[in-house]
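Since the structure comes first, as structure tokens, the remarks are kept for the end.
Protein chains: 2
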Amino acid sequence: MKENALRGPGLLFVVSGPSGAGKDTLVDALRARMPRLRYSVSATTRPPRPGEIEGLSYYFLTPQSFQEIEAQGGFLETKTYNGNLYGTPRSYVEQNLIEGYDVIMKPDVDGALAVQRAFPQAALIFLLPDKFSYLQERLTARRTESNEEIAARLAIAHEEIAQARAFDYLVINEQSNFPGAVDDLEAILRAERHRIHRYDDSTLKRLEHS
Amino acid sequence: MKENALRGPGLLFVVSGPSGAGKDTLVDALRARMPRLRYSVSATTRPPRPGEIEGLSYYFLTPQSFQEIEAQGGFLETKTYNGNLYGTPRSYVEQNLIEGYDVIMKPDVDGALAVQRAFPQAALIFLLPDKFSYLQERLTARRTESNEEIAARLAIAHEEIAQARAFDYLVINEQSNFPGAVDDLEAILRAERHRIHRYDDSTLKRLEHS
Chain D
1 MKENALRGPG LLFVVSGPSG AGKDTLVDAL RARMPRLRYS VSATTRPPRP
51 GEIEGLSYYF LTPQSFQEIE AQGGFLETKT YNGNLYGTPR SYVEQNLIEG
101 YDVIMKPDVD GALAVQRAFP QAALIFLLPD KFSYLQERLT ARRTESNEEI
151 AARLAIAHEE IAQARAFDYL VINEQSNFPG AVDDLEAILR AERHRIHRYD
201 DSTLKRLEHS
Chain V
1 MKENALRGPG LLFVVSGPSG AGKDTLVDAL RARMPRLRYS VSATTRPPRP
51 GEIEGLSYYF LTPQSFQEIE AQGGFLETKT YNGNLYGTPR SYVEQNLIEG
101 YDVIMKPDVD GALAVQRAFP QAALIFLLPD KFSYLQERLT ARRTESNEEI
151 AARLAIAHEE IAQARAFDYL VINEQSNFPG AVDDLEAILR AERHRIHRYD
201 DSTLKRLEHS
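If you're matching them up, the sequences are chains D and V in order. Using the working numbering, the first residue of the first sequence is number 1, and each one after it goes up by one. Using the working numbering, the first residue of the second sequence is number 1, and each one after it goes up by one.
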């Protein structure tokens, strides 16, 4: 709404895919290019990892606070993983979309599909590495999970890939061409704005009689 | 096919919209940015305008040649306008798509919808100026048509806008920001490649087991 009367409300972009596909790095790089893009920070009850910052990496909540927010319908989607709760706060997303800002988030695959149910107009982007074996390499290099956790995440990855068809886009994060995946994502955000169903009839009428 | 095994066959992009919307300038600018993009040259029986070049602007055919090609199914779509015949040659498009090249063309709106019937996978982009009144200004500035022809084209423009919903995308060619429309078009070409239905199941399987 701010820059262009033709824009209308903001668009919601959901980037997901298996753990280790490179969502965090990719979305960080995209946000650096697109300063107007708003990022939806997830909430979790798991303890912060080294370097993680409250309100930027996650909202770190006690289980009690999390459950109170959840009971009030304050999350778009929630998930339990490894005994910890994860959720996407609803109000930040809704408020920014109303104000005309595009919003991006990176929940897990189940979370992405839950967000799609809440916002059928959201554009869902599935991210994969160009080799499945890179998932294991990246999870190992991250050194934040045990071998058992990595094995569990790889098993989940196979289930997640089976859900890729429910997404709108697939981006391959090529190991040897990271900027290419950022370009792809940026192009998707720009192109989605122009899909014909994003324009209402009154906008078309206005253009015709101008 | 040439550059990336994940690419598969080429994609077909159809840019259309009312006469005077800026299709020619926009597609020329896009082709300058994307040298791999193949351009489908239309055929016509109308005489060349000053500066038009055989095989680049159009294939200029006699009515007899045109009708022979048409009788052999050599056109994806044909149209009569002002007593002249126009058509999109089929073989150039089919051959380049098979070879993995993206192809762009700019038929009129009826032609675009005919191409969509022949290639349901084509991505159709409707182009409009940010003010309808610019159509008349541009047609007048072009000095290639009489006032009567311009009036006829503007009447057709209203009918054409009514068909915009059958397209996949709408791009607004803002008078004060021409590069923005080229950026939009370029983003659409890049993003379309990543829509999930562009990937077949074997590609997803290959990624999962790599």
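Cβ atoms here follow ideal geometry from the backbone N, Cα and C, with glycine treated the same way.
From the options, pick the residue whose C-alpha is nearest to that of residue i; which is it?
i, options, result
"Glu94/D", "Pro129/D, Tyr86/D and Ala122/D", "Ala122/D"
"Ala141/D", "Leu12/D, Gly20/D and Ile53/D", "Gly20/D"
"Ala32/D", "Pro179/D, Tyr199/D and Arg195/D", "Pro179/D"
"Ile104/V", "Arg206/V, Ile125/V and Tyr59/V", "Ile125/V"
"Phe13/D", "Pro89/D, Glu192/D and Asn177/D", "Glu192/D"
"Thr25/V", "Lys131/V, Gln116/V, Ser57/V and Thr203/V", "Ser57/V"
"Gly8/V", "Asp130/V, Pro50/V, His209/V and Asp200/V", "Asp200/V"
"Thr135/D", "Gly51/D, Tyr39/D, Arg206/D and Ile156/D", "Looking at the sequence shown, residue 135/D is not Thr but Leu. When each option's Cα is compared against that of Leu135/D, the closest is Ile156/D."
"Leu113/V", "Arg190/V, Glu52/V and Arg165/V", "Arg165/V"
"Gln50/V", "Gln163/V, Val115/V and Arg143/V", "Note that residue 50/V corresponds to Pro in the displayed sequence, not to Gln. Of Gln163/V, Val115/V and Arg143/V, the residue nearest in Cα terms is Arg143/V."
"His209/D", "Glu159/V, His194/V, Leu207/V and His197/V", "Glu159/V"
"Phe132/V", "Glu52/D, Lys205/D, His194/D and Pro35/D", "Lys205/D"
"Met34/D", "His194/D, Arg190/D, Asn177/D and Asp130/D", "Arg190/D"
"Asp130/D", "Asn177/D, Gln116/D and Leu207/D", "Asn177/D"
List the DSSP bridge partners of residue i.
i, result
"Ile104/D", "Phe13/D and Tyr39/D"
"Lys131/V", "Answer is none; Lys131/V lacks a bridge partner."
"Ile172/V", "Leu128/V"
"Gly242/D", "Residue 242/D lies beyond the residue range present for chain D, which begins at 1 and ends at 210; the question has no answer from this structure."
"Lys205/V", "None; Lys205/V has no bridge partner."
"Thr88/D", "Glu77/D"
"Arg195/D", "Tyr169/V"
"Thr44/V", "Phe60/V and Tyr86/V"
"Ala123/D", "Phe13/D"
Give every residue of the same chain whose Cβ lies closer than 6 Å to the Cβ of residue i, excluding the five residues on either side of it in the sequence, and list them in chain order.
i, result
"Arg102/V", "Before going on, a small fix: residue 102/V reads as Asp here, not Arg. Excluding sequence neighbours, Asp102/V sits near Gly10, Leu11 and Leu37."
"Pro63/D", "Thr45"
Quick one: using the 10 Å Cβ neighbour count with 16 as the cut-off for buried, is residue i buried or exposed?
i, result
"Ile188/V", "buried"
"Gln175/D", "exposed"
"Asn4/D", "The predicted model places Asn4/D with a pLDDT of 45, which falls under 50 and marks its position as unreliable; any figure quoted below should be read in that light. That one is exposed."
"Ala151/D", "exposed"
"Gly111/D", "buried"
"Ile161/D", "buried"
"Ser40/V", "buried"
"Gln72/D", "exposed"
"Lys23/D", "buried"
"His197/D", "exposed"
"Lys106/D", "buried"
"Asn96/D", "buried"
"His194/V", "buried"
I'd like the list of long-range same chain contacts for residue i, defined as Cβ closer than 8 Å, with 5 residues on each side in sequence excluded.
i, result
"Asn82/D", "Arg46 and Glu149"
"Glu145/D", "Leu139 and Arg153"
"Ile69/V", "Ala43, Leu61, Phe75, Gly87 and Pro89"
"Pro48/V", "Glu54, Ser57, Tyr58 and Phe60"
"Leu128/D", "Gly17, Pro18, Ala21, Ile161, Ala164, Leu170, Val171, Ile172 and Asn173"
"Gln116/D", "Val14, Ala122, Leu124 and Ala166"
Can you give me the Cβ contacts of residue i inside the same chain, cut-off strictly under 7 Å, excluding the 5 residues immediately before and after it?
i, result
"Ala118/D", "Leu76"
"Phe66/D", "Ala43, Thr45, Leu85 and Gly87"
"Ala29/D", "Val182"
"Ile98/D", "Pro9"
"Asp108/V", "Ser16 and Lys79"
Kindly examine the ligand NAP and report whether one of its heavy atoms sits closer than 8 Å to the Cβ of residue i.
i, result
"Arg142/D", "Of the ligands one can find in the structure shown there are none, so the ligand NAP has no counterpart to examine."
For the stretch 152 to 171 of chain V and the stretch 180 to 189 of chain V, state whether three or more C-beta atom pairs, one from each stretch, are separated by less than 8 Å. The stretch 152 to 171 of chain V, when compared against the stretch 180 to 189 of chain V, does touch it at the 8 Å Cβ threshold.
Interface residues of the stretch 171 to 184 of chain V facing chain C [CB-CB below 8 Å]: The chain labelled as chain C is not found among the protein chains of the depicted structure, namely D and V.
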